[in-house]
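**Student:**
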Amino acid sequence: MLPIGLLMKEHRLIERMVSAVKLELTREKDNKTVNFVFLETAIDFFRTYADRCHHGKEEDILFKELTKKPLAVEHSKIMRELVEEHVYARKTVGELLAAKDLFSQGHVESPEEIESILQKLIEFYPKHIEKEDAQFFYPTMEYFTGEEQEKMMREFWGFDRQLIHDKYEAITENALAMVRRGDLTKWKCSVCDYVYDPLKGDPEHKIKPGTAFKELPEGWVCPVCFTPKESFKEVA
Numbered sequence: 069m070l071p072i073g074l075l076m077k078e079h080r081l082i083e084r085m086v087s088a089v090k091l092e093l094t095r096e097k098d099n100k101t102v103n104f105v106f107l108e109t110a111i112d113f114f115r116t117y118a119d120r121c122h123h124g125k126e127e128d129i130l131f132k133e134l135t136k137k138p139l140a141v142e143h144s145k146i147m148r149e150l151v152e153e154h155v156y157a158r159k160t161v162g163e164l165l166a167a168k169d170l171f172s173q174g175h176v177e178s179p180e181e182i183e184s185i186l187q188k189l190i191e192f193y194p195k196h197i198e199k200e201d202a203q204f205f206y207p208t209m210e211y212f213t214g215e216e217q218e219k220m221m222r223e224f225w226g227f228d229r230q231l232i233h234d235k236y237e238a239i240t241e242n243a244l245a246m247v248r249r250g251d252l253t254k255w256k257c258s259v260c261d262y263v264y265d266p267l268k269g270d271p272e273h274k275i276k277p278g279t280a281f282k283e284l285p286e287g288w289v290c291p292v293c294f295t296p297k298e299s300f301k302e303v304a
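Per this note's numbering, the sequence shown starts with residue 69, numbered consecutively.
See the structure below:
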């Protein structure tokens, strides 16, 4: 596999998270609400996976090696644009985090701001991904020998071990599933304040991540104090 094959595989996962954001944004506009559980998941995904993991490999490995090559004017121009787009994405996700914090502090303007920033990300990523897939990745591989490509692939794997992909693949699939079900609500035990988070599940009782509270078996109890489900309340 070419080194860009790994980057393109990551693109497909980013596209799936964008699909989840689209679904959630539609629901938030209809219900005039903000789902903090989903929002925190999306922010973590875009900051850690899309930026630090994916953009990080592009900038620190692929682009860095390309600067050592006699690039055609067109390829050099596209690479500069891609770096600028990475900066834009980074800035936009930072704005999303700030808007979330403002909303959590009671600023009534924040819901609209959050929706606006999510819309920016929805519009940005498909165009950015298409530019890399269709205009940049394959032509740039011609600058590298087979040996250089193999070395780059090893550097990619060293940059972010398979574990991070497994983690964010699961997070993305869980987010999509729960958005479609419409239930990302956290529930708190009224006795010990343990919070059941559907994104994490309950490993102690073999409850998989992505299991909504309403889907927990009837005999399920709090893993801390053994209080039954009936004593849990939704987290506001």
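We put the CB at the ideal spot given by N, CA and C, even for glycine. Every value quoted in this text rests on a predicted model; they were computed, and no experiment measured them.
What residue range is occupied by the uninterrupted alpha helix (DSSP H) comprising residue 171?
**Tutor:** Here residue 171 is taken as the residue at index 103 of the sequence shown, counted from 1. From DSSP, the alpha helix (DSSP H) with residue 171 extends over 141-172.
**Student:** Please report the residue range of the beta strand (DSSP E) in which residue 300 lies.
**Tutor:** Here residue 300 refers to the residue found at position 232 when the sequence shown is read from its first residue. From DSSP, the beta strand (DSSP E) with residue 300 extends over 300-302.
**Student:** State the CB to CB distance for the pair residue 89 and residue 252, rounded to an integer number of angstroms; the pair is presumed to be in contact (CB under 8 Å).
**Tutor:** Position 21 of the sequence shown holds residue 89. Position 184 of the sequence shown holds residue 252. So it is not a contact: roughly 13 Å between Cβ atoms.
**Student:** Within 10 angstroms of its Cβ, does residue 300 collect 16 or more other Cβ (buried), or is it exposed?
**Tutor:** The sequence position of residue 300 within the sequence shown is 232, counting from 1. So residue 300 counts as buried.
**Student:** What did DSSP end up calling residue 264 once you bin it into helix, strand or coil?
**Tutor:** Counted from its first residue, the sequence shown places residue 264 at position 196. DSSP places residue 264 in strand when its eight states are reduced to three.
**Student:** Along the chain, where does the alpha helix (DSSP H) containing residue 90 start, and where does it finish?
**Tutor:** Mapped onto the sequence shown, residue 90 falls at position 22. Its alpha helix (DSSP H) spans residues 71-99.
**Student:** If you run the structure through DSSP and keep just helix, strand and coil, what is residue 292?
**Tutor:** Residue 292 sits at position 224 when you count from the first residue of the sequence shown. In the structure shown, residue 292 sits in coil (DSSP, three-state: anything other than H, G, I, E or B).
**Student:** With distances taken from CA atoms, which of 289, 217, 216 and 165 is nearest residue 258?
**Tutor:** Counted from its first residue, the sequence shown places residue 258 at position 190. The shortest Cα separation from residue 258 among 289, 217, 216 and 165 belongs to 289.
**Student:** Return the residue from the list 111, 84 and 70 that minimises the CA-CA distance to residue 161.
**Tutor:** For the purposes of this step, residue 161 is identified with residue 93 of the sequence shown, where counting begins at 1. The candidate whose alpha carbon is nearest that of residue 161 is 111.
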